[in-house]
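A short write-up of the structure that comes next.
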Amino acid sequence: MEAEFIVRAGQFLGAGLCIGLGAIGAALGEGYTGGMANISISRRPAMAPTYTRTMLVAQAVAETSAIFALMVSVLLLFTDLSRWGVCQWAAAIGAGLSMGLGAFGSGIGAGLPGGQAIWGLSRQPQTSSHMTTTMLVSQAICQTPAIFSLVVAFLLIFKNASGYPLWPYSASFLAAGLAMGLGAIGSGWGGGMTGGACCEGFARQPRLRSQLMTMNLVGQAVAQTPAIFALLVAIMLVVGGKTEGDILTVATTLGAGLAIGFGAIGSGLGNGANAKGACEAVTINSGTSKDMMTFMLVGQAIGQTPVIFALVVSLMLIFLPFGGMPANLVGFSALVGAGLSVGIAGIGSGYGNGINGASACRGVALAPAERGSMLTLMLVGQAVAQTPAIFGLLVAFILMFKAQAGPVTLSAAMALLSAGLCMGFGGLGPGVGNGFTGAAACEAAGHRPDQRGLIMRTMLVAQAVAQSTAIYALVIAFVLIFVI
Amino acid sequence: MENISGADLVRAAAFIGAGLAMGLGAIGPGMGEGFAGGKACEAIGRNPDEAGLLTRTMLVAQAVSESTGIYSLVVALLLIFVV
Chain A
1 MEAEFIVRAG QFLGAGLCIG LGAIGAALGE GYTGGMANIS ISRRPAMAPT
51 YTRTMLVAQA VAETSAIFAL MVSVLLLFTD LSRWGVCQWA AAIGAGLSMG
101 LGAFGSGIGA GLPGGQAIWG LSRQPQTSSH MTTTMLVSQA ICQTPAIFSL
151 VVAFLLIFKN ASGYPLWPYS ASFLAAGLAM GLGAIGSGWG GGMTGGACCE
201 GFARQPRLRS QLMTMNLVGQ AVAQTPAIFA LLVAIMLVVG GKTEGDILTV
251 ATTLGAGLAI GFGAIGSGLG NGANAKGACE AVTINSGTSK DMMTFMLVGQ
301 AIGQTPVIFA LVVSLMLIFL PFGGMPANLV GFSALVGAGL SVGIAGIGSG
351 YGNGINGASA CRGVALAPAE RGSMLTLMLV GQAVAQTPAI FGLLVAFILM
401 FKAQAGPVTL SAAMALLSAG LCMGFGGLGP GVGNGFTGAA ACEAAGHRPD
451 QRGLIMRTML VAQAVAQSTA IYALVIAFVL IFVI
Chain B
485 MENISGADLV RAAAFIGAGL AMGLGAIGPG MGEGFAGGKA CEAIGRNPDE
535 AGLLTRTMLV AQAVSESTGI YSLVVALLLI FVV
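The listed protein sequences derive, respectively, from chains A and B.
At position 273 of the first sequence (counting the first as 1) the number is 273 in the working numbering, and the numbers step up by one without a gap.
Plus 484 on top of the position in the second sequence (first one is 1) and you've got the working numbering.
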């Protein structure tokens, strides 16, 4: 088939994915803002014009990410990319995935400060101009991942790959799109949670404006890190993508993109949720704002671990030689499975650690004298919630480094891919569930510091039970790897 | 690898099915049990005197929630070893 047709097919598929996925987030975020505007108007009908105006401003910002997606989509429809090589089919799909998925988190995220700001105006009408500024700053930061996604989409579309053979370079384009698109979701959404809590806190306690804004900016900056990791890997994949190689080169490239893309979702969401808790805690008890900054940063650092696991696996896949791996479907499945395992399992642990850290912040606000024991409780809870991500990393390492000596059959290959999927998805639920439990334990200990021993014991029993399904998934993954 | 036999295709599908069964099947119990555990901690924080009763109720609820995870485990093992 002629290159021109392959590339054009890719462009149309990419255009559809781009605006289809890209339209979801902004619409959800705008709907939330609109809903909160109406609740506020029902409270103070006389202020309807002000609230409507603020709503429209907030929605316009949230719309930005969808407009980016529309722009990329139209560009894909009407530009002839085939002059830059046959690999451009993958660049078009990658650009669609990058911008479409990337617009999702920022769209939802930008709606949250919008809704909370209008709600805040109905609570404290005199804060009007400051509230709008707080809202716009928060929204602007959570738009960052969408801008990264736009940059990667342009990088893919305008990369001159003429003269490159179809494979393995096409995989670099696809993987870069997946890495940036998936990697932007968590940071955009998580940043929005933080911004919303900042606006809400400002409405409750207008005198805490600068403290809340500092917490908001630092918290959102940390929550942005996973998207930056994803951006780095995406750029590395496009600029340094291998132009010659075998099926294993394709596998390492795709595995690297999937690992960092999925792996960034949980940490981005979790870091945002953690900073949201810190903003709420400052609002409850402003005297503890210095402690709160420490708690938030420690919690976020631990919540960052799953994305760092994913980054490590991603870079290993890109840079290590993997000479012992057979260059066939078995080797391909093992390497892609490794990326899926560490990436998807990290989603649950990242988010779980974040909500746990958020509740520890609120617990300190309730009982500031008990901050030492609260830190212990938070760290124990987070350590347990980290286990599924560690299982994911373990399975990824085994898949990458186990010598694949058996027969080359379709079933042997699928067993390895399936092991990665099993441990990845299997780690998702227990990570989030352990986070719920740890979070509730921190809050309960904040209310009743005298009962912290009993609460910690209950937390550990509950977390052990919730961990069991992750252990089942690990067992099945091992059976698929070693017994089959 | 060039000519995939029917039996090999069936085994491949069974392995993918096993991985998806256990992987996806673990999401719900993990989250549900965690939620139940969290509420137990909250409840004990409010009323520590009833800790025994609350922990017992939590474990019963989690055991029920665990059942779907065990179904997934059984189906995954069946797919791997029996089918």
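Cβ coordinates follow ideal geometry from the N, Cα and C atoms, glycine included.
A quick note: this is a predicted structure, and the numbers were derived from the prediction, not measured.
Checklist entry - What is the DSSP secondary structure of residue 279/A, reduced to helix, strand or coil? => result helix
Checklist entry - By how many angstroms is the C-alpha of residue 567/B removed from the C-alpha of residue 384/A? => result In a straight line, the C-alpha of residue 384/A is about 35 Å away from that of residue 567/B.
Checklist entry - Shortest alpha-carbon distance to residue 222/A belongs to which of 268/A, 413/A, 195/A? => result 268/A
Next on the checklist: Here's the rule: buried if 16 or more other CB atoms are within 10 angstroms of the residue's CB, otherwise exposed. What is residue 336/A?
Outcome noted: It counts as buried.
Item to check | residue 279/A and residue 194/A closer than 8 Å at C-beta | outcome: yes
Checklist entry - With 16 as the cutoff for other CB atoms within 10 Å, does residue 291/A come out buried or exposed? => result Label assigned to residue 291/A: buried.
Next on the checklist: If the cut-off is 9 Å on Cβ atoms, which residues from the stretch 497-514 of chain B count as contacting chain A, listed in chain order?
Outcome noted: 497, 498, 499, 500, 501, 502, 503, 504, 505, 506, 507, 508, 509, 510, 511, 512, 513, 514
Item to check | Where residue 451/A falls, given that 16 or more other Cβ within 10 Å makes a residue buried | outcome: Buried, by the Cβ-count rule.
Checklist entry - For the alpha helix (DSSP H) that contains residue 475/A, what are its first and last residues? => result Segment 452-478, the alpha helix (DSSP H) holding residue 475/A.
Checklist entry - What first and last residue would you give for the alpha helix (DSSP H) that runs through residue 65/A? => result For residue 65/A, the uninterrupted alpha helix (DSSP H) run begins and ends at 48-78, by DSSP.
Checklist entry - Nearest chain A C-beta to residue 495/B closer than 8 Å, yes or no? => result yes
Checklist entry - Hey, quick one: how far does the alpha helix (DSSP H) through residue 243/A stretch, first residue to last? => result Taken as a continuous stretch (DSSP letters only), residue 243/A belongs to no alpha helix (DSSP H), as it is neither H nor E.
Checklist entry - What are the boundary residues of the alpha helix (DSSP H) that includes residue 198/A? => result 169-204
Checklist entry - Should residue 393/A and residue 309/A be called a contact, given that it needs their Cβ atoms to be closer than 8 Å? => result yes
Next on the checklist: Threshold first: 4 residues or longer. Then list the alpha helix (DSSP H) segments lying entirely within the stretch 382-447 of chain A, N to C.
Outcome noted: 410-447
Checklist entry - For residue 299/A, which of 357/A, 388/A, 434/A, 263/A has the nearest alpha-carbon? => result 357/A
Checklist entry - Quick one, which residues of the stretch 553-567 of chain B are near chain A if we go by CB-CB under 9 Å, in chain order? => result 553, 554, 556, 557, 560, 561, 564, 565
Item to check | Distance, residue 108/A Cα to residue 69/A Cα | outcome: Across the structure, residue 69/A and residue 108/A are spaced so that their CA atoms are roughly 14 Å apart.
Checklist entry - Would residue 498/B pass as a contact of residue 564/B if the rule is Cβ separation under 8 Å? => result yes
Checklist entry - So which of 164/A, 271/A, 212/A has the shortest CA-CA distance to residue 135/A? => result 212/A
Next on the checklist: Could you check whether the Cβ of residue 462/A sits closer than 8 Å to any Cβ belonging to chain B?
Outcome noted: True, the Cβ-Cβ gap to chain B drops below 8 Å.
Item to check | Start and end residues, alpha helix (DSSP H) containing residue 351/A | outcome: 329-366
Checklist entry - Is it right to say residue 488/B is buried, meaning 16 or more other beta carbons lie within 10 angstroms of its own, or is it exposed? => result exposed
Checklist entry - Counting contacts by CB-CB distance shorter than 8 Å, is residue 370/A in contact with chain B? => result no
Next on the checklist: For chain A, check one thing: does any of its Cβ atoms lie closer than 8 Å to the Cβ of residue 522/B?
Outcome noted: yes
Checklist entry - Of the residues that make up the stretch 532-547 of chain B, which ones have a beta carbon closer than 9 Å to any beta carbon in chain A? => result Taken in chain order, the members of the stretch 532-547 of chain B whose beta-carbon sits within less than 9 Å of a beta-carbon on chain A are 532, 535, 538, 539, 542, 543, 546, 547.
Checklist entry - Alpha carbon to alpha carbon, what distance is there between residue 31/A and residue 23/A? => result 12 Å
Next on the checklist: Let me make sure I understand the geometry here. Which of 368/A, 352/A, 3/A, 133/A has the alpha-carbon closest to that of residue 58/A?
Outcome noted: 133/A
Next on the checklist: Measuring straight from C-alpha to C-alpha, what distance separates residue 332/A and residue 36/A?
Outcome noted: 49 Å
Checklist entry - Cα separation between residue 399/A and residue 416/A? => result 7 Å
Checklist entry - How about the stretch 357-373 of chain A and the stretch 309-322 of chain A: do they share at least three Cβ pairs that are nearer than 8 Å? => result Taking 8 Å as the limit for Cβ pairs, the verdict is that the stretch 309-322 of chain A does not touch the stretch 357-373 of chain A.
Item to check | chain B contacts made by the stretch 363-397 of chain A, where a contact means CB separation under 7 Å | outcome: If the cut-off is 7 Å between Cβ atoms, the stretch 363-397 of chain A has nothing near chain B.
Checklist entry - Got a sec? Which residues, its chain only, sit under 7 Å from residue 87/A by beta carbon, not counting five neighbours each side? => result 161, 164, 166, 169, 170, 173
Checklist entry - What residues from chain A crowd round residue 516/B, counting only those whose CB sits closer than 9 Å? => result 429, 433, 466
Checklist entry - Along chain B, in chain order, which residues have C-beta atoms closer than 7 Å to that of residue 422/A? => result Per Cβ cutoff of 7 Å: 503, 506, 507.
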